[in-house]
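Numbering (mature numbering (1 follows the signal peptide of the UniProt record, and there is no 0)), first residue to last: -26 to -1, 1 to 750.
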């Protein structure tokens, strides 16, 4: 069918009935009918810090675990390693159970070193690795510089236990990769283990070694100076891992990295809330919109980060949990699926590709970076099956280029069918649940001017319509795609009418939990970092607005709070302040305000209010809700030195009103509003005012409320006939007004302005000041 063209401004249904599943009672405070002013930009902005924003823009990156452990591929002495990650096999050996009473039988150092001395890696090709990452759609390659085994994968002077020294090739893989990344056009990043089994006891049960050994921090510093000191170029990300540094050590690890590479981004495993971004647990996927810089690190097989080859092995043992066995059942075993057996499934590549693309889209749509791990073989090649998955992901990204290019997560709610992201002129809908013949709804998208709705990558147009503030799309047969994407082309940057938008009335308005937007903190199990109530006063102006938060679990232990309403902020708030009410704020007419509760300058901004905290309501109290002040200027054009009449209404009764020719700015007098809030005044346009479009502004000297109206100033210019004319050649009447109403104008009838501008000299003379009160 032909596409629908949405003209913003048609009447929309009230927002009370949108997306309120589970709410039985009608909302007493519906949002106003549709108006472009009630929408907000749909894109969630990136960080205001340049290096953080650049890091967030990468969205998708390659993680590589490669080392001596790759030789064992999860096997030792013919037995499969059932417990622990294969990249830690030096400590685990072929351990079969998590029970810590069974002694570990790891790989002796001499034997492990002998394996290192065969690490020739004839199939390692740095350019091919980097090109493969780029072709997959990735913007960075991040590799293990040193894992827990302590084996350094670069040419280091700190230890002979390194690739360059021990490998028969004597190459420096990190140098080759850093140079290849630059050549191919992607970023380079490094993983760095905080623990080192060459210097510390092996403790693979928890890997929580302290960093307190004599000289150990100096050893780390020396290695960081080599890695980050310039030889390996720009390093975009440093992925510290494991160990239990104390706060001073975490400070030192952070400081060293930032001193050597000021633009580097450091992950949360530096410890003690000293990070630039949060990474969470291994293979952890977020399910809610999450604020702040964060990353989800996911391996192609969740049980293996380094290369593992368990395809042909039927698992014999499995631990009963990690480590949730009971003392009575510590030796219980059970059969489980082999995690890499998918390599033998004829549909395995398709299944894994669908899984990973879904993870990638979801992570990026929720505001994170997706770090996808594949472990190469010992010889430097990739398992052909793994390479096929990477190739298929790249083909999907090539078919859907908008998903990772210039896109941002969006304020649109997470829907049952999937998630969305946006760019400057598109909404991308990743449809996880596709049912032929069904209709899916994107709430809050109806205020956009929609040019087309198509199946991304095919151009096939989809039937759709706007219902109230919603966009409803009919689904045809499911396309042959790992994750179908619907592209909504918008005439301008996509906008969103908040599903919970509430009209504030004079007196008290309570916004229930279901209408609040809540954004999760990326730090695991710390709850939300923002709670947002969307407010409007419709076509009126609300003054003396305060917000009280109904909450449980909030404390003053961590940081003060702040409440932001548009560009108005109140800082340094306590939980008592939040409970009794925060304000006053002002809501101008015809706008949507995002009233946001967040921490006020916390030590670690990625930490939430607390896992047991719940904000269940926001109560809004408005002292006054009335029509906004407005003025008219007559005539609408005048010569410099001419007289105009300014008429105002709905100002504060009895208030003093300053009149300004704002575009200069030049004061042109004052007026007093009558008991009904109205005034009429005459003013002279200052002689010497430049010709062109200006704004006359009337501002209440007490409240700051203001209104403006356009005024075109024309300058008479003599012509050879002796008749005065303006600069465009139009003749003037005796009072200086242009015939026919003057020039085309720009401006608004009710525009808030900044009142702090200094008034220029040469103010015009107020000729007459009258108010309607004078008639009484």
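C-beta: ideal position from N, C-alpha, C; glycine also.
Quick caveat: nothing in here was measured; it's all calculated off a predicted structure.
Range covered by the beta strand (DSSP E) that runs through residue i
{"i": "residue 276", "result": "Premise fails: residue 276 is in no beta strand (DSSP E) and is neither H nor E."}
{"i": "residue 212", "result": "211 to 215"}
{"i": "residue 127", "result": "First-last for residue 127: undefined, no H or E at that position."}
{"i": "residue 393", "result": "392 to 396"}
{"i": "residue 463", "result": "459 to 464"}
{"i": "residue 684", "result": "680 to 688"}
{"i": "residue 493", "result": "491 to 494"}
{"i": "residue 158", "result": "Taken as a continuous stretch (DSSP letters only), residue 158 belongs to no beta strand (DSSP E), being part of the alpha helix (DSSP H) at 147 to 158."}
One or two residues paired with residue i in a DSSP bridge
{"i": "residue 38", "result": "117"}
{"i": "residue 79", "result": "67"}
{"i": "residue 240", "result": "212"}
{"i": "residue 481", "result": "596"}
{"i": "residue 252", "result": "268"}
{"i": "residue 476", "result": "509"}
{"i": "residue 447", "result": "414, 438"}
{"i": "residue 165", "result": "118, 213"}
{"i": "residue 347", "result": "37, 273"}
Nearest-angstrom Cα separation, counted from residue j out to residue i
{"i": "residue 220", "j": "residue 191", "result": "12 Å"}
{"i": "residue 279", "j": "residue 28", "result": "27 Å"}
{"i": "residue 410", "j": "residue 455", "result": "14 Å"}
{"i": "residue 202", "j": "residue 235", "result": "6 Å"}
{"i": "residue 612", "j": "residue 567", "result": "37 Å"}
{"i": "residue 564", "j": "residue 38", "result": "52 Å"}
{"i": "residue 368", "j": "residue 90", "result": "33 Å"}
{"i": "residue 572", "j": "residue 204", "result": "39 Å"}
{"i": "residue 641", "j": "residue 629", "result": "17 Å"}
{"i": "residue 206", "j": "residue 149", "result": "6 Å"}
{"i": "residue 141", "j": "residue 244", "result": "30 Å"}
{"i": "residue 506", "j": "residue 46", "result": "51 Å"}
{"i": "residue 323", "j": "residue 313", "result": "14 Å"}
{"i": "residue 274", "j": "residue 342", "result": "18 Å"}
{"i": "residue 719", "j": "residue 656", "result": "Note on residue 719: pLDDT 27, under 50, position unreliable in the model; the coordinate value appears next. Looking at the two C-alpha atoms, the distance is approximately 21 Å."}
{"i": "residue 32", "j": "residue 453", "result": "28 Å"}
{"i": "residue 58", "j": "residue 178", "result": "8 Å"}
{"i": "residue 125", "j": "residue 575", "result": "40 Å"}
{"i": "residue 139", "j": "residue 172", "result": "16 Å"}
{"i": "residue 688", "j": "residue 617", "result": "13 Å"}
{"i": "residue 659", "j": "residue 340", "result": "54 Å"}
{"i": "residue 420", "j": "residue 401", "result": "12 Å"}
{"i": "residue 599", "j": "residue 480", "result": "5 Å"}
{"i": "residue 79", "j": "residue 34", "result": "38 Å"}
{"i": "residue 451", "j": "residue 407", "result": "12 Å"}
6 Å Cβ shell around residue i - same chain, five flanking residues per side excluded
{"i": "residue 582", "result": "495, 500, 501, 502, 503"}
{"i": "residue 189", "result": "none"}
{"i": "residue 540", "result": "567"}
{"i": "residue 317", "result": "285, 359"}
{"i": "residue 685", "result": "607, 668, 670"}
{"i": "residue 557", "result": "519, 520"}
Where the alpha helix (DSSP H) containing residue i begins and where it ends
{"i": "residue 365", "result": "358 to 373"}
{"i": "residue 325", "result": "322 to 339"}
{"i": "residue 107", "result": "100 to 110"}
{"i": "residue 200", "result": "190 to 202"}
{"i": "residue 173", "result": "Element bounds for residue 173: n/a, residue is neither H nor E."}
{"i": "residue 232", "result": "221 to 234"}
{"i": "residue 137", "result": "137 to 140"}
{"i": "residue 650", "result": "Run containing residue 650: none; DSSP gives neither H nor E here."}
Nonlocal neighbours in the same chain, by C-beta distance under 7 Å from residue i, ignoring five residues either side
{"i": "residue 21", "result": "27, 30, 267"}
{"i": "residue 301", "result": "Note on residue 301: pLDDT 46, under 50, position unreliable in the model; no value is reported."}
{"i": "residue 434", "result": "428"}
{"i": "residue 619", "result": "608, 654, 656"}
Beta-carbon contacts of residue i that lie in its chain and below 8 Å, excluding the five residues immediately before and after
{"i": "residue 431", "result": "373, 374, 455, 459"}
{"i": "residue 95", "result": "141, 143, 145, 147, 352, 353, 354"}
{"i": "residue -6", "result": "At residue -6 the pLDDT is 31, less than 50, meaning the model places this residue with poor confidence and gives no usable figure here."}
{"i": "residue 127", "result": "40, 41, 117, 118, 119, 120, 136, 137, 147, 148"}
{"i": "residue 463", "result": "399, 400, 424, 425, 426, 427, 428"}
Cutoff 8 Å: residue i Cβ touching any chain D Cβ
{"i": "residue 151", "result": "In the displayed structure, chain D is absent; only one protein chain is listed."}
Fully enclosed by the stretch 402 to 426, which alpha helix (DSSP H) runs are 4 residues long or longer? none
Output the residue ranges of the beta strand (DSSP E) runs that lie fully inside the stretch 587 to 644 and measure 3 residues or longer, sorted by chain position. 588 to 600, 604 to 608, 611 to 613, 617 to 623, 630 to 635
Report the residue ranges of all beta strand (DSSP E) runs contained in full by the stretch 517 to 595; include only those spanning at least 3 residues, in chain order. 535 to 539, 542 to 547, 556 to 561, 567 to 573
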